[in-house]
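The block underneath contains the structure these notes are about, expressed in structure tokens.
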Amino acid sequence: MEPVAHSPSLIGQELRYILARLARVMGLYRYLLSGPRPGAPSRSIADPWSGDPALGRAIASGRYIFAGTTQTPQGSPWEAADAPPGWLREAHGFSWLRDLAAAGGSGDDSSRSAQALVGLWLDWDATKKPGADRIAWSAAVTGRRVRAWLNHWSMLIGGESGTLGPEILNSLGRQVRHLDMIAGAEGDGEERLTAILGLVQASLMVPAFHPRLSRAVGLMERELTYSILPDGCHATRSPRLQFEVMRDLVGLRELFSELQAEVPICLVTAIDRMAPVLRFFRHGDGGLALFHDTREGVSADIDGVLGRADAKGRAPTRCPHGGFERLVSGKLNVIVDAGAPPGAPYDSHAHAAPLAMEVSYGAERLIVNCGASKVIDGDWAKAQRSTAAHSTVGVEDTNADEISNDGRIGRRRASTVVERNETDGAVWIDMSHDGYLKPFGVTHRRRLYLAPEGTDLRGEDRLEGTEGRTFTLRFHLHPKVQVSLLSNHSAALLKTPSGSGWRLRVSGAEMSLADSIYLGGPQDTKRTQQILLTGVTGPEGASVKWALQRETKR
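Taken in order, the sequence shown gives residues -4 to 549; the numbers are from the numbering used here.
Here it is, written out as structure tokens:
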């Protein structure tokens, strides 16, 4: 393929989106999506990332486990009754084709299952007005579906049972024309980039769409400029999305190289900047820190993305634009959310977690946040975003940042201040936020000190302002950590599976234990415990001092 000259002119995209919306309202959208049937992709490629065989076998048997919810419809999965929106988005996105491909058995078995399901989707879509279904034809879901079909093209049209070629190509043509109208203008946060990447991949792989490639790459360059912060952190501030977006970009860069096309500079630059931050978010077990809609993930998958990224940058000690701090000494690793909530449209995954922290020692996690449920619709999805689900201070059982009904951040902090000092291997961090100032007249200040030897972490959580405000400082514990309180309730003993012991000493608050839920591991929910430090602000506020120190074996 010849090198592509990437046009920087994107002025007409908003006008194209307005035209698309008007055509939908007037019932004329089918004419915008009509056109000649495109030819097949110039060459077949393999999905760059592996799937989950267990999920694939479930799909082949008629059990569709999407977004943490299982549906077993008797007929077409696209007619599943009462399926939640998250399930529908994943179902219509077809990323699960990689799970089906990984399920084992003969290649013909995978092809037959995939072709049957795509055929059912084409039949379902034929009963709708073109582009009318708000979920199936949303920009992000369409972009994800286009990429999934192209990545598994040989499975969808190959083998003796392959009869869907013309129908798939007709549908692919409509979907790419749809993306050409709305990509870059519809969708929030990472969803906007997902739609653009679908347009880029189709324009790169299908000769009929080559003329769209220049503008598609221009859209990608613009979106990466907005969504990747100067320090390399994704604008959502989510470790999970840091990983997933980088995985998509690495796969796309490999596709450009495989097709012998010029790799856009914006793609190379984004990957090189994001890789060190992805390393920053990892604990000693190789999994991700549980901030802002994140689960631990699979360490091998993260290793694979970083290895194929071929980006050598080391993990930084801080992400000043993303708003995270990392304290490392010896085997002790502390990651702190010291930033403000992301702005729109990147705040739909944000948790109300100012100054929340996680602590690990080697490959063992000690203090954690609750994480993110696989079920993205329902009560858990709301509870996991609350301040109480994080290892930080809550006042009057209220979120420090308001989570609005539309899932975005409403009332938010006016400021978050951070000061960091390092001397002779020791680290001091002084942080504060005013999320409770407007509703309760209180500010929260957290100071952390990590000693050079990596076995002594000390902190002070101070509330300044109005007296008579109840507060709770929480330390959520990993499910593998055993905890017991000493008789005077001024200290707690923590024990890890390796036999490592830690003592948490506290002054300035009443200590107790309570049940908690861990949503960060392979299982959706796992029972665990949390240490509660409670009190009421006085005339001079409140000061809770604590120290987490490793017990020396005698």
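Backbone N, C-alpha and C define an ideal beta-carbon position, used for all residues, glycine too.
task = With DSSP as the reference, please indicate the residues paired to C314 in a beta bridge.
result = Along the sequence shown, read from residue 1 onward, the residue named residue 314 stands at position 319. Beta-bridge analysis with DSSP links C314 to F319.
query = Short check: CB of V422 to CB of L499, under 7 Å?
reply = Taking the first residue of the sequence shown as 1, we reach residue 422 at position 427. Taking the first residue of the sequence shown as 1, we reach residue 499 at position 504. In this structure, L499 does not lie closer than 7 Å to V422 by Cβ.
query = Any idea which residues DSSP pairs G496 with across the strands?
reply = Reading the sequence shown from its first residue, position 501 is the one you call residue 496. In the DSSP output, where bridge partners are listed per residue, G496 has K490.
task = Tell me whether the beta-carbon of S71 lies closer than 7 Å to the beta-carbon of L115.
result = Here residue 71 corresponds to residue number 76 of the sequence shown, with the count starting at 1. Here residue 115 corresponds to residue number 120 of the sequence shown, with the count starting at 1. Contact flag set, yes.
task = Mark A339 as exposed unless 16 or more other C-beta atoms lie within 10 angstroms of its C-beta, in which case mark it buried.
result = To locate residue 339, count along the sequence shown from 1; it is residue 344. Exposed.
inquiry  = Considering only their Cβ atoms, is the gap separating G530 from F466 smaller than 7 Å?
reply    = Numbered from its first residue, the sequence shown carries residue 466 at position 471. Numbered from its first residue, the sequence shown carries residue 530 at position 535. Going by C-beta atoms, F466 is nearer than 7 Å to G530.
message = Please classify R140 as buried or exposed, where buried requires at least 16 other C-beta atoms within 10 Å of its C-beta.
response = As a position in the sequence shown, residue 140 is number 145, starting the count at 1. Its Cβ being crowded by 16 or more others within 10 Å, R140 is buried.
inquiry  = With a threshold of 6 Å on Cβ separation, who are the neighbours of R93 within its own chain once the five nearest residues in sequence on each side are excluded?
reply    = As a first step, residue 93 must be located in the sequence shown, where it is residue number 98. Closer than 6 Å at the Cβ level, and outside the excluded window around R93, lie D42, G46.
query = Helix, strand or coil: which one does DSSP assign to W144?
reply = Working through the sequence shown from its first residue, we reach residue 144 at position 149. In the three-state reduction of the DSSP assignment, W144 falls in the helix class, which pools H, G and I.
Beta bridge counterpart(s) of H428 as assigned by DSSP = Indexing the sequence shown from 1 puts residue 428 at position 433. According to DSSP, H428 shares a beta bridge with T411, H439.
task = Counting only the same chain and skipping the five closest in sequence on each side, list residues whose C-beta sits under 6 Å from that of Q477.
result = Counting from one through the sequence shown, the residue named residue 477 turns up at place 482. Excluding positions up to five away in sequence, the list reads K490.
request  = Can you say whether G318 is buried or exposed, counting buried as having 16 or more other CB atoms within 10 angstroms of its CB?
outcome  = The count along the sequence shown starts at 1 and reaches residue 318 at position 323. Buried, because 16 or more other Cβ atoms sit within 10 Å of the Cβ of G318.
ask   = Cβ atoms of R172 and L28: under 7 Å apart, would you say?
value = As a working note, residue 28 is residue 33 in the sequence shown. As a working note, residue 172 is residue 177 in the sequence shown. By the CB criterion at 7 Å, L28 and R172 fall inside the cutoff.
query = In its own chain, which residues sit with a C-beta less than 6 Å from the C-beta of Y59, not counting the 5 before and 5 after it?
reply = The residue labelled residue 59 in the question sits at position 64 within the sequence shown. Counting only residues of its own chain and dropping the five nearest sequence neighbours on each side, Y59 has a CB closer than 6 Å to the CB of Q66, P72.
key: Beta carbon of K369 nearer than 7 Å to that of G63   = For the purposes of this step, residue 369 is taken as the residue at position 374 of the sequence shown. For the purposes of this step, residue 63 is taken as the residue at position 68 of the sequence shown. One thing to note: K369 has its Cβ within 7 Å of the Cβ of G63.
message = Can you check which of these residues, Y356, D425, L472, V195, is closest to L250 by C-alpha distance?
response = Looking up residue 250 in the sequence shown gives position 255. Of the candidates Y356, D425, L472, V195, the residue whose Cα lies closest to the Cα of L250 is V195.
E320 versus A75 - alpha carbon distance = For the purposes of this step, residue 320 is identified with residue 325 of the sequence shown, where counting begins at 1. For the purposes of this step, residue 75 is identified with residue 80 of the sequence shown, where counting begins at 1. Using only the alpha carbons, I get a separation of about 45 Å.
inquiry  = Excluding the 5 residues flanking A310 on each side, which residues of the same chain have their C-beta closer than 7 Å to its C-beta?
reply    = Residue 310 sits at position 315 when you count from the first residue of the sequence shown. Contacts found: P271, R274, F275.
key: Stretch pair the segment 322 to 332 + the segment 254 to 270: three plus CB contacts closer than 8 Å   = No, the segment 322 to 332 does not touch the segment 254 to 270.
message = Give me the residue from W497, K475, G496 with the minimum Cα distance to I512.
response = Residue mapping note: residue 512 aligns to position 517 of the sequence shown, counting from 1. For I512, the nearest C-alpha among the options comes from K475.
key: Sequence-distant residues of its chain with Cβ nearer than 8 Å to L117 (five each side left out)   = For the purposes of this step, residue 117 is taken as residue 122 along the sequence shown, with counting starting at 1. For L117, same chain residues with a beta-carbon under 8 Å away, outside a window of 5 residues either side, are L159, E162, I163, S166 in chain order.
ask   = According to the neighbour-count rule (16 or more other Cβ atoms, all chains shown, within 10 Å of its Cβ), is E253 buried or exposed?
value = Along the sequence shown, one-based indexing puts residue 253 at 258. Exposed is the call here.
key: Counted within 10 angstroms of its Cβ, other Cβ atoms place S479 as buried (16 or more) or exposed   = Residue 479 sits at position 484 when you count from the first residue of the sequence shown. By the 10 Å Cβ count, S479 comes out exposed.
query = Out of curiosity, what's the CA-to-CA distance linking L112 and D510?
reply = Walking along the sequence shown from the start, residue 112 turns up at place 117. Walking along the sequence shown from the start, residue 510 turns up at place 515. Straight-line Cα distance between these residues: approximately 43 Å.
task = Would you kindly report the start and end of the unbroken alpha helix (DSSP H) that includes I266?
result = By 1-based counting over the sequence shown, the position of residue 266 is 271. Run containing I266: 260 to 275, per the alpha helix (DSSP H) assignment.
ask   = Does the Cβ-Cβ distance between R440 and R457 come in under 7 Å?
value = As a first step, residue 440 must be located in the sequence shown, where it is residue number 445. As a first step, residue 457 must be located in the sequence shown, where it is residue number 462. Going by C-beta atoms, R440 is nearer than 7 Å to R457.
query = Looking at the unbroken beta strand (DSSP E) that takes in N328, where does it start and where does it end?
reply = For the purposes of this step, residue 328 is taken as the residue at position 333 of the sequence shown. Start and end: 327 to 332.
Inter-stretch contact at 8 Å, needing at least 3 Cβ pairs: the segment 278 to 287 / the segment 223 to 237 = Contact check between the segment 278 to 287 and the segment 223 to 237: three or more CB pairs, one atom from each, fall below 8 Å, which counts as touching.
key: Through-space distance from S538 to R407, alpha-carbon basis   = Within the sequence shown, the letter at position 412 stands for residue 407. Within the sequence shown, the letter at position 543 stands for residue 538. Taking the CA atoms as reference points, R407 sits about 24 Å from S538.
inquiry  = Contact defined as beta carbons within less than 8 Å: I believe A333 pairs with L350. What is the distance between those atoms, to the nearest angstrom?
reply    = As a position in the sequence shown, residue 333 is number 338, starting the count at 1. As a position in the sequence shown, residue 350 is number 355, starting the count at 1. Taking C-beta atoms under 8 Å as the contact rule, A333 and L350 qualify, at a distance of about 6 Å.
ask   = Is the segment 14 to 27 in contact with the segment 213 to 226, if contact means three or more CB pairs nearer than 8 Å?
value = Result no; under three Cβ-Cβ pairs closer than 8 Å.
query = So what does DSSP say about H1, is it helix, strand or coil?
reply = The residue you call residue 1 lines up with position 6 of the sequence shown. Confidence at H1 is low in this model, with a pLDDT of 44, below 50, so the placement of that residue is unreliable and no value is reported for it.
inquiry  = Please give the ranges of any alpha helix (DSSP H) in the segment 331 to 371, keeping only runs that are unbroken, at least 4 residues long and fully inside the region.
reply    = The segment 331 to 371 is shown to contain no whole alpha helix (DSSP H) run of 4 or more residues.
Reference A345, options S399, S324, V363, closest by Cα = For this step, residue 345 is matched to residue 350 along the sequence shown. Of the candidates S399, S324, V363, the residue whose Cα lies closest to the Cα of A345 is S399.
ask   = In whole angstroms, what separates the C-alpha of S386 from that of D226?
value = One-based indexing of the sequence shown puts residue 386 at position 391. One-based indexing of the sequence shown puts residue 226 at position 231. Each residue's Cα considered, the two are about 25 Å apart.
query = For L480, which residues does DSSP report across the bridge?
reply = The sequence position of residue 480 within the sequence shown is 485, counting from 1. DSSP output for L480 lists A487 as bridge partner(s).
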